[in-house]
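Residue numbers (UniProt numbering): 1 to 292.
Backbone N, C-alpha and C fix where the C-beta goes; we use that ideal spot for every residue, glycine too.
Written below as structure tokens is the structure these notes are about.
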Amino acid sequence: MILLVYVFAGLLMGLGALYLVWLGQKQAQEEAVSKRLAIAGVKALEFPEKDWLTIQLERAGITLLPTQRRIIALALAVFLLLVGAQFGIVPALILGATLSFFAWAAINTIYQRRMNQIITQLPRLLDQVVRMMRTGKTLADSFFIATKEADEPLRTVMLKLQRNITLGMSIPEAFNDLADTYDLKELQVLALGVSVNSRFGGSLIDLLNNIITLIQQREQLQRQLRAFTGETRTSAAVLSALPLMVGGFMIVSNPDYLFQMVDDPTGKIILMVAAGMQVAGMGVIWKMLRSV
């Protein structure tokens with residue numbers, strides 16, 4: 001049985017390699033067509049639809065090509081298949097779910113930190129845009145100039161806005177696409193203000209000044225909230241880490257006790273239930289903290 005699993009894993013890796021070779025040839029053909037169009041003076045513009053994973057990675061600032069993601073998925077599938085052959089299907093499924101949860105949590109944590117940096121840098125950029133507009137420049141030109149002096153990660157976000165406008169999007173459409181991509185309330189307010197101003201008119205400078213004030217006040221309130229809930233967040237982190245620390249101490253102090261549970265069918269069930277309850281408890285605590 002195990003031999004068949006290894007043979008199947010080898011076939012899966014071989015099929016994956018052939019699929020990657022086919023993708024490479026297809027990409028080479030597309031690049032050759034693009035070069036011919038470029039020689040003829042035709043520029044091919046593409047606006048591909050993005051899947052959920054692509055949007056999440058873009059929000060977190062993580063760059064993974066589709067080929068790289070397929071290689072990672074193939075390696076993970078082979079690894080879980082080998083784990084399932086050695087320890088059973090249920091442990092392999094639990095391991096896969098655990099790895100997926102921690103990967104999603106890591107991406108979400110990186111995204112939250114990146115968005116906090118963007119919120120902190122956005123008022124300064126908008127202030128530069130206002131000063132540029134007072135000198136007579138348009139909204140698009142003001143954002144283009146301010147983007148050159150912006151810090152990361154806001155500069156990357158604004159470069160996406162600049163690229164969309166350069167490729168032919170209208171200014172309201174470019175702002176709406178940016179707000180939909182990063183799902184940030186400050187960008188959504190900015191996009192809504194630009195859309196309303198473009199449709200009904202009004203003083204865009206006053207609107208941007210109001211948005212700057214709104215962002216600064218909201219950021220100040222969030223800092224106060226984090227200061228008030230610091231003790232709660234610390235307690236949640238200790239409660240989440242305590243079972244893991246106790247389990248690690250038991251493994252170091254008495255490893256035979258754990259090995260006996262692994263060898264026993266009832267012990268395996270207890271360990272799997274305990275791992276599931278630990279993950280569920282950490283998820284509930286994280287959800288409660290998010291609602292504060």
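Boundaries of the alpha helix (DSSP H) harbouring Met-250: 230-253, taken from the DSSP string.
Our two residues, Ser-203 and Leu-161, have alpha carbons roughly 22 Å apart in a direct line. Note that the C-beta distance between Ala-150 and Gln-117 is not below 8 Å. Secondary structure at Glu-152: coil, using DSSP grouped into helix, strand and coil. Counting every other CB atom within 10 Å of its CB across the protein chains shown gives Thr-147 a total of 16 or more, marking it as buried. Contact annotation: Ala-275 and Ile-89 have beta-carbon atoms that are not nearer than 8 Å. Inter-residue distance for Val-129 and Met-169 is about 20 Å (C-alpha atoms, whole angstroms). Short of 7 Å from the beta carbon of Val-279, and not among the five residues preceding or following it, lie these beta carbons of its own chain, in chain order: Thr-98, Phe-101. Residue range 185-200 is occupied by the alpha helix (DSSP H) that includes Leu-192. Distances from the alpha-carbon of Gln-56 to those of Thr-109, Phe-87, Gln-68 put Thr-109 closest.
Between Ile-212 and Asp-141, the CB-CB gap reaches or exceeds 8 Å. Rounded to the nearest whole angstrom, the CA to CA distance from Leu-125 to Asn-176 is 18 Å. The Cβ atoms of Ile-165 and Ser-198 do not sit closer than 8 Å to each other. Secondary structure of Thr-120 (DSSP, three-state): helix. Here Phe-249 is exposed, its C-beta having fewer than 16 other C-beta atoms within 10 Å. When secondary structure is reduced to three states using DSSP, Gly-281 falls in the helix class. Of all alpha-carbon atoms in Met-282, Leu-271, Met-277, Gly-281, the one lying nearest the alpha-carbon of Pro-91 is that of Leu-271. In this structure, the beta-carbon distance from Pro-123 to Gln-216 falls below 8 Å. Within the same chain, and ignoring the five residues on either side of Thr-156 in sequence, the residues whose Cβ sits closer than 8 Å to its Cβ are Gly-61. Residues Leu-125, Phe-143, Ala-146, Thr-147, Ala-150 of the same chain have their beta carbon placed closer than 8 Å to that of Met-158, with the five preceding and five following residues left out of the count. With a cutoff of 8 Å on beta-carbon distance, Ser-240 and Ile-285 are scored as near each other.
The DSSP-derived three-state label of Asp-180 is helix.
If you look at Thr-63, you'll find it isn't in any alpha helix (DSSP H); DSSP assigns it neither H nor E. Secondary structure at Met-169: coil, using DSSP grouped into helix, strand and coil.
CA-to-CA, the gap between Gln-220 and Arg-226 works out to about 10 Å. The beta carbons of Ile-251 and Leu-258 sit closer together than 8 Å.
In the three-state reduction of the DSSP assignment, Ser-203 falls in the coil class.
Collapsing the DSSP output to three states places Thr-147 in a helix. A direct Cα-Cα distance of roughly 31 Å separates Gln-188 from Ala-236. If you draw a straight line from the Cα of Asn-254 to the Cα of Gly-247, it is about 10 Å long.
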